[in-house]
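Chemist: One structure is given below, represented as structure tokens, and several questions about it will come after.
Number of protein chains: 2
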Amino acid sequence: MTPRPPTVVIENVSPLIDAGRYPVKRGVGEDLLVEADIYKDGHDVVSAVLKWRRKGAARWHETPMAAIPNGNDRWRATCSFFENTTYQLTIEAWGDTFRSWQHEFHTKFSAGLQDLTSESLEGAALVEKAAQLAAQQGQGRDQKRLLEIAETIRTGTPADVNEISHRHELEALMSAYSDRIDACEFVLDPPSVFHLIESPLEPLPLEESPALRKGARSKKKPPVIAPTAPSAAAVPSDLNLEYVTVTVDRNRALFSQWYEFFPRSAEGRGDRGSTFRDCLPRIDDARAMGFDVIYFPPIHPVGVTARKGRNNSVTCEPGEPGVPYAIGNRHQNCPNGGGHKDVAPELGTLEDLDWLTGELKARGMELALDFAINCSPDHPYVHEHPEWFYKRPDGTIKYAENPPKKYQDVYPMNFHNPNWRALWEELTSIILFWCEHNVRIFRVDNPHTKPVAFWEYLIGKVQARFPDAIFLSEAFTRPKMMKSLAKAGYTHSYTYFTWRNSKHELIEYFTELTQTAMKDYFRANLWPNTPDILPFFLQHGGRPAFMIRAVLAATLSSIYGIYSGFELCENAALPNKEEYLDSEKYQWKERDWNAPGNIKHLITALNRIRRENRALQEYSNLRFYHSDNDHVLFFGKMSEARDNIILVVVNLDPYQAQGSFIEVPITEFGWMEGDSYQVHDLLFDERYLWSGPRNFVQLDPHTKPAHIFKVRRWVSREQDFDYFM
Amino acid sequence: MTPRPPTVVIENVSPLIDAGRYPVKRGVGEDLLVEADIYKDGHDVVSAVLKWRRKGAARWHETPMAAIPNGNDRWRATCSFFENTTYQLTIEAWGDTFRSWQHEFHTKFSAGLQDLTSESLEGAALVEKAAQLAAQQGQGRDQKRLLEIAETIRTGTPADVNEISHRHELEALMSAYSDRIDACEFVLDPPSVFHLIESPLEPLPLEESPALRKGARSKKKPPVIAPTAPSAAAVPSDLNLEYVTVTVDRNRALFSQWYEFFPRSAEGRGDRGSTFRDCLPRIDDARAMGFDVIYFPPIHPVGVTARKGRNNSVTCEPGEPGVPYAIGNRHQNCPNGGGHKDVAPELGTLEDLDWLTGELKARGMELALDFAINCSPDHPYVHEHPEWFYKRPDGTIKYAENPPKKYQDVYPMNFHNPNWRALWEELTSIILFWCEHNVRIFRVDNPHTKPVAFWEYLIGKVQARFPDAIFLSEAFTRPKMMKSLAKAGYTHSYTYFTWRNSKHELIEYFTELTQTAMKDYFRANLWPNTPDILPFFLQHGGRPAFMIRAVLAATLSSIYGIYSGFELCENAALPNKEEYLDSEKYQWKERDWNAPGNIKHLITALNRIRRENRALQEYSNLRFYHSDNDHVLFFGKMSEARDNIILVVVNLDPYQAQGSFIEVPITEFGWMEGDSYQVHDLLFDERYLWSGPRNFVQLDPHTKPAHIFKVRRWVSREQDFDYFM
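Shown next as structure tokens:
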């Protein structure tokens, strides 16, 4: 058998990110529904399977694909992934000789054609070939049975043959030993048909013909498909390049709640900074609230040259701690030179940090570090690699500017400097360094001011060694750049959620995030505040605004976080800016972590509800429903099996109570329109018995800004609600 | 300078067929509007150009792209192609150092910053670099002027520099000698960033680094873009593989009217067949009707074994001519063996055919041949290459079947037989043979029963030698297969038009054809009838139905054709079938080519109107408009400049008159709502003065089934309609 050009067309595969250039993202245990257009020339019956494997594995898993009824040649199948690694995926399809014969025989028999001898002999030969394949696979019993059936077909009447050909036993056996002659496989860069015909390869069996599979560069853009081995044969792993890839992330990439605090603020003292060793009480408090990721802004040595003072003042009083984002101080005594691979001595030592990550692990929690590619004038890179920075005409190094704003304490880096390779490798080595210190979550500062290609490189390199590494993109920038960073590898992304307050905005934005192609590569990590952003809504809406935003963040996405102080409803801002007054970015900050009016009880409840309800741990199951009032947002999340149904109603108005009729999507639950059901408010532990879709809610932002309902069908013979607890 | 990874993101380029796997189609002189998402990291101002060239050419043409205002990083530009060949297309974009500097300087100056010495020096250096580029290009005068300006910038006050930097003269010069450092180019298979950083190339200038441009196979799917030369430098033509390709077809691919007849029927005699030499009167009649392509069903020797008789009878009387689709008769005395490279002796000789193509050419017309991959049992291939056919268990060759139908006179071919290469090459050589006989249009019979990859191969090979070759796909099959064939290379396609009769169907189908991505690769050639299809609408609707379908075919697409007899309203069918009674596929047919009741005058008028109105010669400018009556279809076509506006109103009901209000899209014409305008019915030479969008039409299918209006704005000071003629 010599290599042959494809005959089945497999195209329009979904999901596919930018034609397969970027991997699809999934989490461990998550399903992936794959669809494709599959058809071939002529009248053969087509069969297709979805195949997937760990990258590097020799053999594929496979599952049959089914044509969607009246689906215009659209096929589908679902697979799942159970390991935190990179998978490959393809579709194999072929003209099914047995099923084509079965169909043709049946048509002729039904039309009353008398002499079907030749047709019977053809069928017998197909069954014998399957027997041969069974024998090759050591399945003697199947071989024997197939040979028996072949004999019956050879000698039977047309009526017999027609009946035998439709027996489930035969269909199952023929499917198990399918003769996938002319099978084609979906690959991203198949060999060109011009290449195939004009540079004939030696007549090797297909599975020994890597050049065919891999495809030398084509003279013309090739068809979408490539011939494949006659059965799902082993393929050398270095040829794995052209398949659709799926990045399968660990659980915390899908479901986590983050708490950000400056370790130097752990004790809440205004007169001095805290250390890593002082952080446990803050961590335990966060844990009590239900958080599992603790995120620290940069913990590295802080520069002294041009150090900023309180409220970003260009002058700094002696003893002020400076901005943690002005990274690097080679003048301090640090084991690794005082740059990104050291911790600030005022916070402790690397050993102290290792101790802290151990304490977190013991609590089922995890540390996230900040990766800010900023160098203070005192960073060792400035002295070792001045070529990595931008220079003025007079030869001095440029500090960062966003005219007319100046950041004299920070030097940006030139990613395209002549010595860029060394820079990219060094920056990558920083992340690898912290991975070795058992940190696996990185929040990346301003990734959109560095080349997307750099992030693709860095994340690819790191995840090749540490597949459990999670990267959060802190890009608040143009929409396409935010998407690009996610495609290039970011596990999580900051979003515009921070500024989406109205019902219309929230519905539009979250529909895009969770119901479009974005859901396959972009995971929204929702933050109502950050050290850089105190939104006007929180400034003006007071405590009710904080409660509203907490509920939205905790229920709209399976991933969210707060920057400490949020739970205390801190909302003192610089005038007319969305920035904190007396921001702890520039100073030590005195705080009562249990200040009156705090909403820690609400946050604790939200995280408990998230932990107890699987529907809230999924990302793209968000659906919006109708409420009559424009201040009342109504949405839901359901598990695939509909055994966990959560409905959320939020009053978006922080100033006054709002009532609204809402329309419960009863039929989406798989229930009858007339069924009664219990809605159990998990925030306030109140239960209502509802029936019919339209029901009324009334929400006072000061006392009860939202309902989070767990919904269960009411079975009338039961007398007691408590039965359902 | 060493190769560097990309920094500008260029993605979501449109049009792009299957991510660039297949070429975009355009015609000579047609515009191509190209759009893309273009953005980069950081704050630089981006510049971009659209580039195109003949495949194989060293240098690119280029035109600036512009960001669409508020377009969310969407850019666009338009180019045109003036040669019937294959073009390549790309986008080049870069961070524009001059414009970034201009912007930053202006921002700082406007913010009142005082010391801008360093900034001025930077600007001066940029201008000096441009002077250097001018010198390299031998533009001494520009060099001198740039150096003068640089000096002014170096020594000027901030106000001076700000003013100078915005002078049009400087902007034009800086754009002409733009320093495209870090420029990126859109290619379909760019080098991977992993490859770039890990296998560093020797530090060659970029334009000498083919490996970078071409991209060795990547370890991971790469970013969308690749670095490019610092200016639009020459690129060796053998590296042209990764660009978007555009197939530019000649004029007749965009606009033509086809007339199909069986040459053996030219004289309309029932007692004997006509010859090529008898065809001139029929051709002249077609020409008088306005047709320019004459399409012949197969003209090759017809098999004798199992030859079919009248009305597809399995028995054939002696002397009956047989079916031209049962191709091949090695028993006849033919110079090339009696197969696809010969003409049937009863039609004449190859020399006669050459004479006929010459006569057609002299008339400004052209011949289209039928390419049917069918072999009669007497075809030379059957004897020379039995391995090219399907066999029964008893070793005999299988004839074609579509159970329970049998085609004993035709053997289908096995495109995946072990000797497939020889088969594919032989079939390709058939088309090349006829191209050498000055035939350049091929209507291909049932292409969907052969592999799509085969057509991609054949059409690619043929058009590489004969770029003017036009292929029409006769596929009436599943929608995706029809699209696939067009993507693989077919110039024209048959369509479902033949069965689309209702207003809803027509609007839906033609909107898909002309307003979706299909318009860039699929050109609908409309046929109201074929020798295989006499639709029920024509059978039952009589002469009015023929008139309705003629108007629709001639105005909905710029390409259409009729099968002879249509102009005579022939509608005798086999009972309950959409097939002709006494079809001339099986017999000689007696005809009066000027039979009473014919609609030759209408067809003549339609073709004249098409010839005189450019709007009807374009394909994707079709737009549907509102009419109140469901039997009245209202649509229009306009030239881009709006200087030729055609509106068509058709009564789709062949049985009775229908009246309707229609809504004329006045504002789409660029006119005011209140303007008056003349509508001139080009079919019946009647003029009406209308104003306002709503106007009434009344159409009687027996006398006036349609209006074809030419629309002109009425300028009130003119007294005489004739002025506008």
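Residue numbers (the working numbering), protein chains in the order written: chain E, 196 to 920; chain V, 196 to 920.
Just so it is clear, CB atoms sit at the ideal spot from N, CA and C, and this is done for glycine as well.
#1: Looking only at C-alpha atoms, which of 307(V), 313(V), 241(V), 476(V) sits nearest to residue 370(V)?
#2: At least one CB of chain E closer than 8 Å to the CB of residue 389(V): is that the case?
#3: CB residue 244(V) to CB residue 225(V), shorter than 8 Å?
#4: Report yes if the C-beta distance between residue 611(E) and residue 292(V) is below 8 Å; otherwise report no.
#5: At 3 residues or longer, what runs of the beta strand (DSSP E) sit wholly inside the segment 860-884 of chain E?
#6: Our contact map puts residue 318(V) next to residue 387(V) with C-beta atoms below 8 Å; I'd like the distance itself, whole angstroms only.
#7: Closer than 7 Å, Cβ to Cβ, to anything on chain V: give me those residues from the segment 625-643 of chain E, in chain order.
#8: Does any residue of chain V have a CB that is nearer than 8 Å to the CB of residue 476(E)?
#9: Among 479(E), 376(E), 778(E), which residue has its Cα nearest to the Cα of residue 465(E)?
#10: Could you tell me whether any Cβ in chain E is nearer than 8 Å to the Cβ of residue 714(V)?
#11: Find out if the Cβ-Cβ distance for the pair residue 449(V), residue 710(V) is shorter than 8 Å.
#12: Residue 645(E) touches chain V at which residues, Cβ-Cβ below 7 Å?
#13: I need the DSSP call for residue 833(V), collapsed to helix, strand or coil.
#14: For a test of the three-state rule: what should DSSP assign to residue 463(E), helix, strand or coil?
#15: Where does the unbroken beta strand (DSSP E) through residue 305(V) begin, and where does it stop?
#16: Please compile the residues from chain V whose C-beta is within a distance smaller than 7 Å of the C-beta of residue 149(E).
#17: Of the residues 824(E), 836(E), 818(E), 839(E), which one's Cα is nearest the Cα of residue 830(E)?
#18: If I follow the unbroken beta strand (DSSP E) through residue 313(E), where does it start and stop?
#19: Short of 8 Å in beta carbon distance, which residues of its chain neighbour residue 783(V), apart from the five on each side in sequence? Order them along the chain.
#20: What's the C-alpha gap between residue 888(E) and residue 870(E)?
#21: Along the segment 299-326 of chain E, what residues have a CB closer than 7 Å to any CB found in chain V?
#22: Suppose the cutoff is 6 Å on Cβ atoms and the five residues either side in sequence are ignored; what does the same chain contact list for residue 430(V) look like?
#23: Suppose contacts are defined by Cβ-Cβ distances below 8 Å. Is residue 793(E) in contact with residue 763(E) by that definition?
#24: Three or more C-beta pairs under 8 Å: does that hold for the segment 592-602 of chain E against the segment 629-637 of chain E?
#25: Can you list, in chain order, the stretches of the beta strand (DSSP E) that have 3 or more residues and sit fully within the segment 716-766 of chain E?
#26: Around the Cβ of residue 362(E), are there at least 16 other Cβ atoms within 10 angstroms (buried) or fewer (exposed)?
#27: In angstroms with no decimal places, state the Cα-to-Cα distance between residue 642(V) and residue 278(E).
#28: Tell me whether residue 219(V) is buried or exposed, calling it buried when 16 or more other Cβ atoms sit within 10 Å of its Cβ.
#29: Would you list, in chain order, the members of the segment 508-521 of chain V that have their beta-carbon closer than 8 Å to a beta-carbon of chain E?
#30: Can you look up residue 255(V) in the DSSP assignment and give me helix, strand or coil?
#31: Round the Cβ separation of residue 798(E) and residue 484(E) to the nearest angstrom and send it over; I've been treating them as touching at under 8 Å.
#32: At which residue ranges does the segment 452-519 of chain V contain complete alpha helix (DSSP H) runs of 4 or more residues, listed in the order of the chain?
#33: Taking C-alpha atoms, which residue in 569(E), 552(E), 527(E), 206(E) lies nearest to residue 640(E)?
#34: At which residues does the alpha helix (DSSP H) containing residue 630(V) begin and terminate?
#35: Assuming residue 745(E) contacts residue 801(E) under a Cβ cut-off of 8 Å, what Cβ separation, rounded to an integer in Å, is found between them?
#36: Check whether chain E comes within 8 Å of residue 694(V), counting only Cβ atoms and requiring the distance to be less than that.
Modeler: This is what the structure holds:
#1: Position 175 of the second sequence, counted from the start, is the residue given in the question as residue 370(V). Considering only alpha carbons, the answer is 241(V).
#2: As a first step, residue 389(V) is located in the second sequence; it is residue number 194 there, counting from the start. Closer than 8 Å: yes.
#3: Position 49 of the second sequence, counting from 1, holds the residue named residue 244(V). Position 30 of the second sequence, counting from 1, holds the residue named residue 225(V). Their beta carbons are not under 8 Å apart, which means residue 244(V) does not touch residue 225(V) by this criterion.
#4: Indexing the first sequence from 1 puts residue 611(E) at position 416. Indexing the second sequence from 1 puts residue 292(V) at position 97. No, the pair does not count as a contact, with Cβ atoms beyond the cut-off.
#5: 871-876
#6: Position 123 of the second sequence, counted from the first residue, corresponds to residue 318(V). Position 192 of the second sequence, counted from the first residue, corresponds to residue 387(V). Incorrect: roughly 37 Å between the Cβ atoms, too far for contact.
#7: 643
#8: Numbered from 1 along the first sequence, position 281 holds the residue referred to as residue 476(E). Cβ-Cβ to chain V under 8 Å: no for residue 476(E).
#9: Position 270 of the first sequence, counted from the first residue, corresponds to residue 465(E). Answer by Cα proximity: 778(E).
#10: Indexing the second sequence from 1 puts residue 714(V) at position 519. Not an interface residue.
#11: Position 254 of the second sequence, counted from the first residue, corresponds to residue 449(V). Position 515 of the second sequence, counted from the first residue, corresponds to residue 710(V). Cβ atoms of residue 449(V) and residue 710(V): not closer than 8 Å.
#12: As a working mapping, residue 645(E) is identified with position 450 in the first sequence. Ordered by position in chain V, the residues that pass the 7 Å Cβ test against residue 645(E) are 236.
#13: In the second sequence, the residue the question calls residue 833(V) occupies position 638. Residue state, collapsed to three classes: strand.
#14: On the first sequence, residue 463(E) is found 268 positions in, with the first residue counted as 1. If DSSP states are grouped into helix, strand and coil, residue 463(E) belongs with coil.
#15: Here residue 305(V) refers to the residue found at position 110 of the second sequence. Residue 305(V) -> not in any beta strand (DSSP E); alpha helix (DSSP H) instead, spanning 292-305.
#16: Here chain E covers residues 196 to 920 and nothing more, so residue 149(E) does not appear.
#17: As a first step, residue 830(E) must be located in the first sequence, where it is residue number 635. Out of 824(E), 836(E), 818(E), 839(E), 818(E) has the C-alpha closest to the C-alpha of residue 830(E).
#18: Here residue 313(E) refers to the residue found at position 118 of the first sequence. Looking at the DSSP string, residue 313(E) is not in any beta strand (DSSP E); the run it does join, the alpha helix (DSSP H), is 312-331.
#19: The count along the second sequence starts at 1 and reaches residue 783(V) at position 588. Closer than 8 Å at Cβ, skipping near neighbours: 459, 460, 464, 465, 466, 467, 468, 516.
#20: The sequence position of residue 888(E) within the first sequence is 693, counting from 1. The sequence position of residue 870(E) within the first sequence is 675, counting from 1. Roughly 10 Å separates the two Cα atoms.
#21: 299, 302, 303, 306, 308, 313, 316, 317, 320
#22: As a working mapping, residue 430(V) is identified with position 235 in the second sequence. Confidence at residue 430(V) is low in this model, with a pLDDT of 31, below 50, so the placement of that residue should be treated as unreliable; the coordinate-derived value is given next. Answer for residue 430(V): no residue qualifies.
#23: In the first sequence, the residue the question calls residue 793(E) occupies position 598. In the first sequence, the residue the question calls residue 763(E) occupies position 568. For residue 793(E) and residue 763(E), yes; Cβs fall inside 8 Å.
#24: no
#25: 754-758
#26: The residue you call residue 362(E) lines up with position 167 of the first sequence. Exposed.
#27: As a first step, residue 642(V) must be located in the second sequence, where it is residue number 447. As a first step, residue 278(E) must be located in the first sequence, where it is residue number 83. The straight-line gap from Cα to Cα measures roughly 45 Å.
#28: In the second sequence, counting from the first residue as 1, residue 219(V) sits at position 24. Residue 219(V) comes out buried.
#29: none
#30: Residue numbering aside, residue 255(V) sits at position 60 when the second sequence is read from its first letter. Three-state DSSP puts residue 255(V) in coil, outside helix and strand.
#31: Along the first sequence, one-based indexing puts residue 798(E) at 603. Along the first sequence, one-based indexing puts residue 484(E) at 289. Right, the Cβ-Cβ distance comes to about 5 Å (below 8 Å), so this counts as a contact.
#32: 475-484
#33: Translated into the one-based positions of the first sequence, residue 640(E) becomes position 445. Residue 640(E) has its Cα closest to that of 569(E), out of 569(E), 552(E), 527(E), 206(E).
#34: Looking up residue 630(V) in the second sequence gives position 435. Element bounds for residue 630(V): 615-631.
#35: Residue mapping note: residue 745(E) aligns to position 550 of the first sequence, counting from 1. Residue mapping note: residue 801(E) aligns to position 606 of the first sequence, counting from 1. Their Cβ separation, rounded to whole angstroms, is 6 Å, which keeps residue 745(E) and residue 801(E) in contact under 8 Å.
#36: Here residue 694(V) is taken as the residue at index 499 of the second sequence, counted from 1. Residue 694(V) does not count as touching chain E.
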